[in-house]
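Student:
There are 2 protein chains.
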Amino acid sequence: MPRSSIITISRQYGSGGRTIGRLLAEKLGTDFYDKELVTLASEKSGYTEGMFERATERRVTNSLLYSIAMVGNSPAVMYDVPVNEKLFAVQSDVIRKVAQNGGCVIVGRCADYILREDPRCFNVFIYASIEDRIKRAVEEYGVEAKGAKDKVIKTDKQRASYYNFYTDGKWGSTANYDLCVSTSACGVSGAVDVIIAALEAHTGTDLRI
Amino acid sequence: MPRSSIITISRQYGSGGRTIGRLLAEKLGTDFYDKELVTLASEKSGYTEGMFERATERRVTNSLLYSIAMVGNSPAVMYDVPVNEKLFAVQSDVIRKVAQNGGCVIVGRCADYILREDPRCFNVFIYASIEDRIKRAVEEYGVEAKGAKDKVIKTDKQRASYYNFYTDGKWGSTANYDLCVSTSACGVSGAVDVIIAALEAHTGTDLRI
Chain A
0 MPRSSIITIS RQYGSGGRTI GRLLAEKLGT DFYDKELVTL ASEKSGYTEG MFERATERRV
60 TNSLLYSIAM VGNSPAVMYD VPVNEKLFAV QSDVIRKVAQ NGGCVIVGRC ADYILREDPR
120 CFNVFIYASI EDRIKRAVEE YGVEAKGAKD KVIKTDKQRA SYYNFYTDGK WGSTANYDLC
180 VSTSACGVSG AVDVIIAALE AHTGTDLRI
Chain B
0 MPRSSIITIS RQYGSGGRTI GRLLAEKLGT DFYDKELVTL ASEKSGYTEG MFERATERRV
60 TNSLLYSIAM VGNSPAVMYD VPVNEKLFAV QSDVIRKVAQ NGGCVIVGRC ADYILREDPR
120 CFNVFIYASI EDRIKRAVEE YGVEAKGAKD KVIKTDKQRA SYYNFYTDGK WGSTANYDLC
180 VSTSACGVSG AVDVIIAALE AHTGTDLRI
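First to last, the protein sequences are chains A and B. Each step along the first sequence adds one to the number in numbering that gives the first Met the number 0, with nothing skipped, and position 177 is 176. Each step along the second sequence adds one to the number in numbering that gives the first Met the number 0, with nothing skipped, and position 41 is 40.
1) Just list the alpha helix (DSSP H) runs in the stretch 95 to 171 of chain A, keeping only unbroken ones of 4 residues or longer that don't cross its boundaries, in chain order.
2) Near L210(B), what residues of its chain come up, given a Cβ to Cβ distance below 7 angstroms and the 5 sequence neighbours on each side ignored?
3) Which partner residues of L178(B) appear in the DSSP bridge assignment?
4) Between the C-alpha atoms of G186(B) and K148(B), what's the straight-line distance to the nearest angstrom?
5) Would you identify the three-state DSSP class for T47(B), choosing helix, strand or coil?
6) Residues in the same chain with beta-carbon distance under 7 angstroms from F51(A), minus the five sequence neighbours each way, listed in chain order, please.
7) Which residues, taken in chain order from the stretch 169 to 187 of chain B, show a beta carbon closer than 9 angstroms to some beta carbon of chain A?
8) If you measure between the beta carbons of R135(B) and G49(B), is that distance less than 7 angstroms?
9) Any C-beta of chain A sitting closer than 7 angstroms to the C-beta of A159(B)?
10) Can you name the residues that DSSP bridges to S3(B)?
11) Quick check on the DSSP output: the alpha helix (DSSP H) that includes D192(A) runs from which residue to which?
12) A24(B) and V104(B) look like a contact to me (Cβ under 8 angstroms); what is the Cβ gap, rounded to whole Å?
13) Pop quiz: T182(B) and D131(B) are said to be a contact at Cβ under 8 angstroms. What is the actual Cβ separation, rounded to whole angstroms?
14) Give me the chain B residues within the contact set of G141(A), using Cβ-Cβ distance strictly less than 9 angstroms, ordered along the chain.
15) Please check the pair D33(A) and V106(A), which I expect to be a contact at CB under 8 angstroms, by giving their CB distance rounded to whole angstroms.
16) Are I113(B) and I94(B) close, meaning C-beta to C-beta below 7 angstroms?
17) For P81(A), tell me which candidate among G16(A), E35(A), Y165(A), T18(A) has the shortest Cα-Cα distance.
18) Quick one, are the C-beta atoms of A200(A) and V193(B) less than 7 angstroms apart?
19) Across which residues does DSSP place I10(B) in a beta bridge pair?
20) In the DSSP output, which residue or residues are listed as bridge partners for F31(A)?
21) For N175(B) and G168(A), what's the separation of their Cα atoms in angstroms?
22) Counting contacts by CB-CB distance shorter than 7 angstroms, is C151(A) in contact with chain B?
23) Whose Cβ in chain A lies nearer than 9 angstroms to the Cβ of G189(B)?
24) How close, in whole Å, do the beta carbons of T29(A) and G102(A) come, if the pair is a contact with beta carbons under 8 angstroms?
25) Between Y112(A) and chain B, is any beta-carbon pair separated by less than 7 angstroms?
26) Can you tell me which of S4(B), R53(B), V97(B) puts its alpha carbon nearest to the alpha carbon of R158(B)?
27) Give the DSSP-derived three-state secondary structure of D205(A) in the structure shown.
28) Count the other CB atoms, across all protein chains shown, that sit within 10 Å of the CB of K96(A); report buried if there are 16 or more and exposed otherwise.
29) Within 10 angstroms of the Cβ of S9(A), are there 16 or more other Cβ atoms? Answer buried if so, exposed if not.
30) Output yes if chain A places a C-beta closer than 7 angstroms to the C-beta of Y126(B); else output no.
31) Suppose the cutoff is 7 angstroms on Cβ atoms and the five residues either side in sequence are ignored; what does the same chain contact list for C109(B) look like?
32) Grouping DSSP H, G and I as helix and E and B as strand, with all else coil, what is G15(A)?
33) So with CB distances below 8 angstroms, who are the chain A contacts of V193(B)?
34) At 8 angstroms on the CB atoms, spell out the chain B contacts of F164(A), in chain order.
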């Protein structure tokens, strides 16, 4: 049944990808997972939700060079990588588990890679111009205008670093995705319609409810 | 009028992008330009069509290093770059001219970059898995199976090299395009439907005729 499709959404910070995921799940009548995955992973493992969130943010500084530079100064760094790997493994288990339950929309967390063997997956990348991302960060996410550009750039660097470390792919490269949509061109609700059109083409079925 | 949209299609070799362009123009009832541009550029300039075609293919070997290495051995190389630049300029003029005539679909030739100031433009990138591109090259373009993989890879290197030389962008990077569709995921006629859905979202109009 096509509605059992699993749509993974990777997105640039400020592109509106999370909202698109939520609207898409509503339109398709399927489950939506974003921060819910963190809660589930926390419950399963006993690690706090904050640890999962920081693991994604910290990956950018966890290069080998950084680790070498810090050894001796901060022994914690030596334990940092294994803990992050454990957090990633727990989160991967949770993603595989929710995918077993049926069709859903999953935002971020390398779900496209974790579920790469699952033929039900349809992988989407959402992006936008830097100007539009800064605007959305300020107007919708409450980021201060002064540091908004840095926040947008840094967050995407972190996402890229996290993705590139844990997967075989390059974050944001078309090769990882079935469809890439710019919300600068199509808007947020427009992007939802485009994804549905692409899913219909992919599955050969009318998916609108 | 939304039907005055200019859709530029960049595409990986073997992805079916040219067919998509043709079908899209038919569905939208607009003009289609691919090799027609070469004919027009040839008529305008007096250069042969073959020269325009070879200019695209040769760019990959026109690195500075190659030019330096060849100076003395082949004086023609010294004149090669200016001729290519001239061919590019003629072709750019032709693209701007056909765009002035109204809505159309243009395949390849850096049209997205040449028309970057034109607000009517909607830029699409079509891609597919390497396996599907090889298969299409053999079955539809008549490429010999033995060298098909090399042909696919080399042609895309040429396209990337040509694009990256003449534009400010990186060929195949989402940042240049409003939409990127995989024909491995959506099929050729499916990709046409996805582009139309994206154009509808972009222009806020029903475009089907």
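Ideal placement from N, C-alpha and C gives every residue a C-beta, glycine not left out. Quantities reported herein were computed from a predicted structural model and do not represent experimental measurements.
Tutor: Reading off the structure:
1) 110 to 113, 129 to 138, 147 to 165
2) Past the edges of chain B, shown from 0 to 208, lies residue 210(B), and the structure says nothing about it.
3) V180(A), V123(B)
4) 20 angstroms
5) coil
6) V37, A40, S41, L86, Q90
7) G171, S172, T173, A174, Y176, D177, L178, C179, V180, S181, S183, A184, C185, G186
8) no
9) no
10) Per DSSP, none; premise fails for S3(B).
11) 187 to 202
12) 4 angstroms
13) 7 angstroms
14) None at all; the shortest Cβ gap to chain B is about 26 angstroms.
15) 4 angstroms
16) yes
17) Y165(A)
18) yes
19) Here the sequence assigns Arg to residue 10(B), which means Ile is not the residue at that position. Beta-bridge pairing links R10(B) to I125(B).
20) V104(A)
21) 20 angstroms
22) The sequence shown places Val at residue 151(A), rather than the Cys named in the question. With 7 angstroms as the cut-off, V151(A) does not count as an interface residue toward chain B.
23) A196, A197, E199, A200, H201, G203
24) 4 angstroms
25) no
26) R53(B)
27) coil
28) exposed
29) buried
30) yes
31) Y162, Y165, T166
32) coil
33) L178, V193, A196, A197, A200
34) Per Cβ cutoff of 8 angstroms: no residues; F164(A) is ~21 angstroms from chain B at best.
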